[in-house]
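Heads up: the structure comes next, in structure tokens.
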Ligand SMILES: NC(=O)c1ccc[n+]([C@@H]2O[C@H](COP(=O)([O-])OP(=O)(O)OC[C@H]3O[C@@H](n4cnc5c(N)ncnc54)[C@H](OP(=O)(O)O)[C@@H]3O)[C@@H](O)[C@H]2O)c1
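In our numbering, the protein residues as written are 1 to 521.
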């Protein structure tokens with residue numbers, strides 16, 4: 001259905017009209033030679049520049065150990081942009097204009113304090129005082145280097161806790177923030193020794209996705225759904241983030257992380273928090289983040305029941321995905337042949353608050369699954385068991401609302417309709433809204449939005465220290481429950497399936513079943 005066809009007038013309500021202009025600034029990227037810089041950061045800055053939304057002027061300084069000068073780094077980045085830009089082909093002329101703002105600072109940022117002195121003098125060379133005083137430090141480094149770099153920035157006087165207004169200094173930290181609650185708390189404490197919490201921007205690129213941001217808009221701007229968003233109307237919620245690829249070349253990393261740390265701790269719990277949170281008192285970052293933390297802290301402790309009745313893990317064995325052969329996880333490069341690392345997690349959580357009491361939230365994520373997709377399915381309660389429900393039994397499907405985050409971004413509503421004809425037959429039909437058909441193709445990279453927000457000083461889409469810790473405490477309690485037990489037979493799943501059999505038990509205990517995602521491909 002095309003909604004716009006039925007609208008006489010398009011009502012556009014700007015929510016960011018009061019947002020201040022993004023001030024000219026210098027962005028310092030630690031990890032200039034890295035994969036993240038080449039694949040995501042520089043293409044994102046380039047697009048912001050092309051779209052004329054980047055600060056003007058802007059200056060980007062990259063720091064890494066390899067010997068190179070400004071010109072050779074620019075050439076490297078040009079090649080990266082040609083490969084990874086979302087708009088192709090990249091115009092050399094546009095690039096040349098952008099590249100004038102890019103500079104390279106060679107040095108070791110782990111042990112060599114002189115690097116920071118060199119960097120300071122480079123920053124100080126700018127004529128425009130805003131470029132000298134507004135600085136975004138982007139830590140595209142190994143997590144083990146976050147603290148050293150921040151401490152050196154502080155010692156060198158580059159990262160001022162209280163810069164003279166209206167100037168600012170901010171630090172962007174990449175994931176992962178710790179590997180458990182203790183390490184995340186230690187990192188947060190370390191960071192806040194050198195910067196105020198409000199200067200720290202922890203990235204989860206999932207929050208930069210348009211459709212994830214839309215969850216809040218959708219919930220709180222539509223009275224039809226807002227009134228139904230509770231346990232009285234909703235039977236349960238399913239959140240699926242599935243990948244159709246295996247671990248590929250990242251076996252070494254994955255052996256340390258596993259799906260629980262890699263996906264649940266951040267992306268899935270972030271989506272859960274947005275779906276479950278109470279309305280914030282305002283659209284200010286702190287109000288929204290307060291409510292997200294409250295939702296995470298309301299999750300029923302997993303220690304109250306045997307872990308296997310609440311969380312299922314799985315690991316893929318050989319199979320086929322989209323007709324393509326896939327090897328077992330244990331046969332992947334740099335994976336132990338008796339590895340018990342989970343490539344799948346399915347879980348049932350309860351949020352013990354007034355709104356959600358006893359409505360299960362099922363979350364699942366996995367690698368080498370049947371299709372790639374991220375979506376939230378809100379499964380409504382059934383109608384009273386009289387009239388149609390009494391006659392049709394389980395064939396009368398409950399209404400469901402699906403928020404498709406990726407791919408085929410959009411929202412659909414399933415309800416029952418009568419099949420035309422002389423007999424009384426009912427079947428589910430679907431009302432579907434698709435972003436691309438309504439608004440045209442608009443697929444800015446999540447990093448573009450996040451970088452812009454960080455430069456504008458809006459922390460809404462970044463994760464506060466206490467949010468990270470609340471999520472880790474959930475993940476830690478699951479790991480404790482698993483306590484190094486080897487995987488059982490029912491926890492292995494064929495590549496190309498929707499996960500292990502054990503995951504079906506999880507939903508079946510409540511009389512539910514996992515639904516085939518709508519948007520997967
Ligand atoms: N890649 C991604 O898509 C991605 C996605 C999400 C999160 N992340 C996170 O982003 C961070 C960076 O990832 P990455 O994949 O870009 O890593 P990477 O490819 O290993 O790049 C890090 C770069 O930092 C430089 N470096 C390392 N130690 C240094 C030191 N002591 N002094 C100066 N420079 C040093 C290295 O360049 P030199 O050898 O020239 O010094 C290296 O190229 C990690 O925390 C990762 O978890 C990455």
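Just so you know, even glycine gets a beta-carbon here, dropped at the ideal spot from N, CA and C.
Return the residue from the list the options that minimises the CA-CA distance to residue i.
| i | options | result |
| --- | --- | --- |
| residue 172 | 54, 461, 219, 399 | 461 |
| residue 475 | 381, 311, 433 | 311 |
| residue 432 | 209, 448, 401 | 401 |
| residue 506 | 307, 255, 256 | 307 |
| residue 47 | 140, 502, 12, 97 | 97 |
| residue 592 | 378, 26, 495, 499 | Residue coverage of the chain in this structure runs from 1 to 521, which leaves residue 592 outside it and unanswerable. |
| residue 265 | 164, 481, 345 | 345 |
| residue 137 | 354, 253, 31 | 31 |
| residue 501 | 315, 451, 325, 349 | 315 |
| residue 298 | 496, 193, 176, 273 | 273 |
| residue 73 | 208, 38, 145 | 38 |
| residue 511 | 359, 428, 481, 276 | 359 |
| residue 412 | 441, 518, 438, 341 | 518 |
| residue 548 | 481, 113, 349, 49 | Here the chain comprises residues numbered 1 to 521, so residue 548 is not present and cannot be evaluated. |
| residue 280 | 271, 294, 269 | 294 |
| residue 36 | 80, 75, 114, 70 | 80 |
| residue 113 | 51, 150, 355, 144 | 150 |
| residue 495 | 88, 485, 325 | 325 |
| residue 395 | 409, 417, 421 | 417 |
| residue 211 | 497, 436, 384, 84 | 436 |
| residue 243 | 480, 263, 101 | 263 |
| residue 489 | 499, 480, 483, 481 | 499 |
| residue 415 | 332, 75, 383 | 383 |
Grouping DSSP H, G and I as helix and E and B as strand, with all else coil, what is residue i?
| i | result |
| --- | --- |
| residue 507 | helix |
| residue 320 | strand |
| residue 227 | coil |
| residue 74 | helix |
| residue 201 | strand |
| residue 267 | helix |
| residue 419 | coil |
| residue 512 | coil |
| residue 235 | strand |
| residue 501 | helix |
| residue 17 | Its pLDDT being 48, under 50, residue 17 is placed unreliably by the model, and the measurement read from it follows with that caveat. Note: residue 17 maps to coil in three-state DSSP. |
| residue 1 | Interpretation of residue 1 is limited by its pLDDT of 47, a score under 50 that renders its predicted location unreliable; no figure is taken from the coordinates. |
| residue 66 | coil |
| residue 172 | strand |
| residue 12 | coil |
| residue 261 | helix |
| residue 215 | helix |
| residue 275 | helix |
| residue 39 | helix |
| residue 59 | strand |
| residue 29 | strand |
| residue 242 | strand |
Since I believe residue j is in contact with residue i (beta carbons under 8 Å), could you give me their beta-carbon distance rounded to a whole number of angstroms?
| i | j | result |
| --- | --- | --- |
| residue 300 | residue 352 | 5 Å |
| residue 334 | residue 251 | 4 Å |
| residue 491 | residue 364 | Going by Cβ atoms, the distance from residue 491 to residue 364 rounds to 13 Å, so no, they are not a contact pair. |
| residue 258 | residue 341 | 5 Å |
| residue 317 | residue 305 | At roughly 29 Å, the Cβ-Cβ gap does not stay under 8 Å, so residue 317 and residue 305 are not in contact. |
| residue 541 | residue 59 | The question about residue 541 has no answer here: the residues shown for the chain are numbered 1 through 521. |
| residue 434 | residue 410 | 4 Å |
| residue 354 | residue 276 | That belief does not hold up - the Cβ atoms of residue 354 and residue 276 are roughly 12 Å apart, past 8 Å. |
| residue 509 | residue 309 | 7 Å |
| residue 376 | residue 271 | 6 Å |
Confirm the yes/no value for this check: CB of residue i, any heavy atom of ligand 3, distance under 7 Å.
| i | result |
| --- | --- |
| residue 43 | Looking for ligand 3 in the displayed structure turns up nothing; the ligands present are ligand 1. |
Can you list the alpha helix (DSSP H) stretches of 4 or more residues lying completely in the stretch 384–417, in chain order? The stretch 384–417 contains, as complete alpha helix (DSSP H) runs of 4+ residues, the segments 387–392 (chain order).
Assess, as a yes-or-no matter, whether the stretch 166–185 is touched by the stretch 460–478 under the definition of 3 or more beta carbon pairs within less than 8 Å. Note that the stretch 460–478 touches the stretch 166–185; at least 3 beta-carbon pairs, one per stretch, sit closer than 8 Å.
Between the stretch 200–216 and the stretch 449–466, do at least 3 Cβ pairs fall closer than 8 Å? Contact holds: three or more Cβ-Cβ distances are below 8 Å.
Three CB pairs or more closer than 8 Å across the stretch 221–237 and the stretch 191–201: By the Cβ test, the stretch 221–237 is not in contact with the stretch 191–201, since fewer than three Cβ pairs between them sit closer than 8 Å.
What are the complete alpha helix (DSSP H) segments, minimum 4 residues, inside the stretch 119–159? 129–133, 146–155, all fully within the stretch 119–159.
In the stretch 455–497, which residue ranges form an unbroken beta strand (DSSP E) of at least 3 residues, counting only runs that do not cross its ends? For the stretch 455–497, whole beta strand (DSSP E) runs of length 3 or above, ordered along the chain, are 492–494.
Report the residue ranges of all beta strand (DSSP E) runs contained in full by the stretch 294–376; include only those spanning at least 3 residues, in chain order. Counting whole runs of 3 or more residues, the stretch 294–376 contains the beta strand (DSSP E) stretches 311–317, 319–321, 324–326, 344–349, 361–366.
Are the stretch 100–112 and the stretch 54–64 in contact at 8 Å, needing three or more beta carbon pairs? By the Cβ criterion, the stretch 100–112 is in contact with the stretch 54–64, since at least three pairs of Cβ atoms, one from each stretch, lie closer than 8 Å.
Kindly provide the ranges of any beta strand (DSSP E) runs that are 3 or more residues long and lie completely inside the stretch 421–457, ordered along the chain. Complete beta strand (DSSP E) runs here, min 3: 426–434.
Is there contact between the stretch 280–296 and the stretch 365–382, where contact requires at least three CB pairs shorter than 8 Å? The stretch 280–296 is not in contact with the stretch 365–382.
Quick check: the stretch 113–121 against the stretch 150–169, are there 3 or more CB pairs under 8 Å? Yes, the stretch 113–121 touches the stretch 150–169.
Three or more C-beta pairs closer than 8 Å, one from the stretch 125–137 and one from the stretch 51–61: is that the case here? Contact between the stretch 125–137 and the stretch 51–61 is present, because at least three Cβ pairs lie under 8 Å.
Any chance the stretch 190–197 sits against the stretch 444–455, with 3 or more Cβ pairs inside 8 Å? In short, these stretches do not touch, since the Cβ pair count stays below three.
I'd like the ranges of any alpha helix (DSSP H) spanning at least 4 consecutive residues and lying wholly in the stretch 84–118. Counting whole runs of 4 or more residues, the stretch 84–118 contains the alpha helix (DSSP H) stretches 92–99.
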